[in-house]
Amino acid sequence: HQQKQPYRQHLISKAPNKNQEKVHLSSSTVSDTHFMYSLLGKRTAQVLWQSSHSSFRMMATQQPARIAVAQMRSTNDKQHNFEQIQTITERAKANDVQFIFFPECCDFVGTHRDETLKLSEPLTGPTVEQYRALARKQNVWLSFGGVHESIIEETGTGQEVKNIYNTHILINNVGELVASYRKLHMFNVITPEFKFRESETVRSGPALVPPVETPIGRIGLQICYDMRFAEASTLLRKQGAEILTYPSAFAVSTGRAHWEVILRARAIENQCFVIAAAQIGFHNKKRESYGHAMVINPWGTILGEAGNQDLDVVVAELDFDKLKSVRANMPCFEHRRDDVYNLSTRVGLAYSQDTAAKEKFSFGGIEIPPNTIFYTSEHCFAFTNIRCVVPGHVLVSTKRVAARLPDLSPAEINDFFQTVCKVEKVAERLYDATSSTVTVQDGPDAGQTVFHVHCHVMPRHVGDFPENDQIYGELNRHDKEPERPRRPVAEMAAEAARFREEMARLGL
């Protein structure tokens, strides 16, 4: 044990009820211990890792970040699936975990497309409400790594569900749904076991979701097949992820070949913890999952792995000093050649008061009122204007103060113009336009008066100026005429709220 080699003890004696098993826990040391136990009615293993020379942290405190990772076998019986979730939650919480991770399809696995659509629910439905109540009751954070979120469409005869999202949700310990991510990559493949086309039922999500701040660290949300696309995990790491999650219902043949290899690769290349909850066994006659739920540290070491049981839970402690050490001693992300290659993303956030509490934005040295900001991305933000040339005239600026476009990094340039395109799309929808003037005054001879890179987005209509290009003269004058009053902040805030609402509706 001085070498910290993992070991397990599994001591089971029969309880009076022949369908149940009594559990005995045994340990040898406080600092290096593995426990295995059986859940009532199910053979279930729990692995508890501790390092005798590690210190842990939980955001503001320096306490252990203890998590549980579930393995289960879902069917089309939603109530039985929830009972599995309850059992795992109760047993994990008894071991003082802060966060429990459940796999893809934890709500159900349908036997065919029509049944899947019929059983799916919106995130406001009874299944997610059960999850929220469970989190409140147990005072624990829960990750449900792939529920079937129904997409309800209006038809001539009423409402109909034709497609769903595969959605990873996080629920905090008071039962609030704090984040949701819709799976990006559709599993349309032919394996030795079966032909599977996820896109026949599931609609792919619109974007990555920025890492979510939680009591155990910043979590990047992914689902199953997403793990094969390394760019997504790299973008999440660049945005601050410390933990990458891959809840899965992985096929058996590909699982044997690739499951551990891919998960360890994602941990090593991004220097993050990887948490992969898993489905296992036959869900129906046509579908079987690989299992092997696991937790991996930033060095690529497997901290714990579930066994072959239908119902299994791995408990692990995440050593963030190890994460810091790995990143400091091998600073790969400082060595990246963004001047030669780089990744960009459509990740962005509708601005909220939660964002305002964490980050302040200024434009040309002036702090922008938080309620007038309607969108943020990794490098940029968008806000309403104090003086408008036309209705809907808004601004996009960079977070970092840079005077001109050539002063921006490749990543900032990509992000800047992607943000401009999104804002233009929403502005045209809100102001019933099909055209826009989009312009950057880059330098004083081009009319720039605020030496902080920004773009004017102005929806256009036929006849809004006698001569179309007169808008440029008006743009050059609009902030220099003292008699032109500034808009009230309340008016700008109301407009920003409309932009936020429309961007959320469009999934931007």
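Numbering-wise (full-length UniProt numbering), the sequence shown opens with residue 1 and increments by one. No residue lacks a Cβ here, since even glycine has one placed at the ideal position from N, Cα and C. The structure displayed is predicted, hence computed values, not measured ones.
For W299, which three-state DSSP category applies?
Translated into the one-based positions of the sequence shown, residue 299 becomes position 299. Reduced to three states, the DSSP call for W299 is coil.
How many angstroms separate the CA atom of D310 from the CA atom of D226?
Position 310 of the sequence shown, counted from the first residue, corresponds to residue 310. Position 226 of the sequence shown, counted from the first residue, corresponds to residue 226. Approximately 24 Å between the Cα atoms of the pair.
Under the assumption that I280 contacts R73 (Cβ atoms under 8 Å), give the Cβ distance between them as a whole number of angstroms.
On the sequence shown, position 280 is the one that residue 280 refers to. On the sequence shown, position 73 is the one that residue 73 refers to. Correct: roughly 6 Å between the Cβ atoms.
Residues bridged to Q239 (per DSSP):
As a working note, residue 239 is residue 239 in the sequence shown. Answer is none; Q239 lacks a bridge partner.
Which of helix, strand or coil does DSSP assign to Q271?
On the sequence shown, position 271 is the one that residue 271 refers to. Reduced to three states, the DSSP call for Q271 is coil.
Give me the Cβ distance between F374 and A293, rounded to the nearest whole Å; I'm assuming they're in contact under 8 Å.
By one-based count along the sequence shown, residue 374 stands at place 374. By one-based count along the sequence shown, residue 293 stands at place 293. Not confirmed; about 40 Å, so no contact.
Verify whether the separation of the beta carbon atoms of S199 and A249 is less than 8 Å.
Taking the first residue of the sequence shown as position 1, residue 199 is located at position 199. Taking the first residue of the sequence shown as position 1, residue 249 is located at position 249. Result no, Cβ atoms of S199 and A249 do not sit closer than 8 Å.
Counting C-beta neighbours from all protein chains within 10 Å, is the total for I268 16 or more, i.e. buried, or is it exposed?
Along the sequence shown, read from residue 1 onward, the residue named residue 268 stands at position 268. Classification of I268: buried, given that the 10 Å Cβ count is 16 or more.
Buried or exposed by the 16-neighbour rule on C-beta atoms within 10 Å, applied to C105:
Here residue 105 refers to the residue found at position 105 when the sequence shown is read from its first residue. Buried, since its Cβ has 16 or more Cβ neighbours within 10 Å.
Could you have a look at M294 and say whether DSSP puts it in helix, strand or coil?
Position 294 of the sequence shown, counted from the first residue, corresponds to residue 294. Taken through DSSP and simplified to helix, strand or coil, M294 comes out as strand.
Which value, in whole angstroms, describes the spacing of the CA atoms of S435 and K360?
Position 435 of the sequence shown holds residue 435. Position 360 of the sequence shown holds residue 360. Approximately 32 Å between the Cα atoms of the pair.
7 Å CB neighbourhood of K78 in its chain, flanking five on each side removed
Within the sequence shown, numbered from 1, the residue matching residue 78 stands at position 78. Shown here for K78: same chain residues with a beta carbon closer than 7 Å to its own, the five before and five after excluded, namely D107, F108, L119, T127 in chain order.
Environment of C421 [buried if 16+ CB atoms lie within 10 Å]
Translated into positions along the sequence shown, residue 421 becomes position 421. Exposed, because fewer than 16 other Cβ atoms sit within 10 Å of the Cβ of C421.
Return the CA-CA distance between P215 and Q98, expressed in angstroms with no decimal places.
Translated into the one-based positions of the sequence shown, residue 215 becomes position 215. Translated into the one-based positions of the sequence shown, residue 98 becomes position 98. Distance between the alpha carbons of P215 and Q98: 8 Å.
Can you name, in chain order, every residue of its own chain whose Cβ lies under 7 Å from the Cβ of K399, other than the five neighbours on each side?
Along the sequence shown, read from residue 1 onward, the residue named residue 399 stands at position 399. Result list for K399: F361, H379, C380, F381, in chain order.
Taking the beta strand (DSSP E) that C380 belongs to, which residues open and close that run?
Position 380 of the sequence shown, counting from 1, holds the residue named residue 380. Taken as a continuous stretch (DSSP letters only), the beta strand (DSSP E) holding C380 covers 380-384.
Does DSSP classify Q448 as helix, strand or coil?
Taking the first residue of the sequence shown as position 1, residue 448 is located at position 448. Q448: coil per DSSP, three-state reduction.
Pair within 8 Å by beta-carbon distance, A478 and R387
Numbered from 1 along the sequence shown, position 478 holds the residue referred to as residue 478. Numbered from 1 along the sequence shown, position 387 holds the residue referred to as residue 387. Per the sequence shown, the amino acid found at residue 478 is His instead of Ala. Taking 8 Å as the Cβ cut-off, H478 and R387 qualify as a contacting pair.
Pair within 8 Å by beta-carbon distance, I302 and I275:
Looking up residue 302 in the sequence shown gives position 302. Looking up residue 275 in the sequence shown gives position 275. Contact flag unset, no.
W141 to V389, Cα distance in whole Å?
The residue given as residue 141 occupies position 141 in the sequence shown. The residue given as residue 389 occupies position 389 in the sequence shown. Between W141 and V389, the C-alpha separation is close to 48 Å.
Taking the beta carbon of H80 as the centre, do at least 16 other beta carbons fall within 10 Å, making it buried, or is it exposed?
Reading the sequence shown from its first residue, position 80 is the one you call residue 80. Exposed: under 16 other Cβ atoms inside 10 Å.
With a threshold of 8 Å between beta carbons, is R429 in contact with chain B?
The question asks about chain B, but that chain is absent: this structure has only one protein chain.
Does the contact criterion of 3 or more C-beta pairs under 8 Å hold for the stretch 432-449 versus the stretch 460-468?
yes
Helix, strand or coil for H80, going by three-state DSSP, please let me know.
Residue 80 sits at position 80 when you count from the first residue of the sequence shown. H80: helix per DSSP, three-state reduction.
Report the three-state DSSP secondary structure of D96 (helix, strand or coil).
As a working note, residue 96 is residue 96 in the sequence shown. In the structure shown, D96 sits in coil (DSSP, three-state: anything other than H, G, I, E or B).
Considering D312, what are the terminal residues of the alpha helix (DSSP H) in which it resides?
What you label residue 312 is simply residue 312 of the sequence shown in a count that begins at 1. Unbroken run through D312 is the beta strand (DSSP E), 312-318; no alpha helix (DSSP H).
Through-space distance from Q86 to A70, alpha-carbon basis:
Mapped onto the sequence shown, residue 70 falls at position 70. Mapped onto the sequence shown, residue 86 falls at position 86. If I take the Cα positions, the gap works out to 11 Å.
Whole-angstrom distance between M186 and R287, CA atom to CA atom:
Translated into the one-based positions of the sequence shown, residue 287 becomes position 287. Translated into the one-based positions of the sequence shown, residue 186 becomes position 186. Answer to the nearest angstrom: the Cα atoms are 17 Å apart.
Whose C-beta lies closer than 7 Å to the C-beta of L343 among residues of the same chain, with five residues either side of it excluded?
On the sequence shown, position 343 is the one that residue 343 refers to. Only E231, T234, L235 meet the Cβ criterion.
Suppose you measure from the CA of A241 to the CA of C272; what does that come to, to the nearest Å?
Residue 241 sits at position 241 when you count from the first residue of the sequence shown. Residue 272 sits at position 272 when you count from the first residue of the sequence shown. Answer to the nearest angstrom: the Cα atoms are 7 Å apart.
State buried or exposed for I190, treating a residue as buried only when at least 16 other CB atoms are found within 10 Å of its CB.
Numbered from its first residue, the sequence shown carries residue 190 at position 190. So I190 ends up on the exposed side.
Please identify the residue among T89, A65, N76, F144 whose C-alpha is closest to the C-alpha of D312.
Locating residue 312 in the sequence shown gives position 312, counting from the first residue. Ranking T89, A65, N76, F144 by Cα distance to D312 puts T89 first.
Quick one: what's got a C-beta closer than 7 Å to Y431's C-beta in the same chain, skipping five residues either side?
Residue mapping note: residue 431 aligns to position 431 of the sequence shown, counting from 1. For Y431, where only same-chain residues beyond five positions count, the Cβ hits under 7 Å are P391, G392, P459.
Run of the alpha helix (DSSP H) containing R66, from where it starts to where it stops
On the sequence shown, position 66 is the one that residue 66 refers to. Segment 65-72 is the beta strand (DSSP E) holding R66; no alpha helix (DSSP H) there.
Sort out for me which residues DSSP pairs V420 with in a bridge.
In the sequence shown, residue 420 corresponds to position 420, counting from 1. Bridge partners of V420 according to DSSP: none are assigned.
Quick one: is N246 buried, meaning 16 or more other Cβ sit within 10 Å of its Cβ, or exposed?
Counting from one through the sequence shown, the residue named residue 246 turns up at place 246. The residue you asked about is not Asn; residue 246 is Tyr in the sequence shown. Classification of Y246: buried, given that the 10 Å Cβ count is 16 or more.
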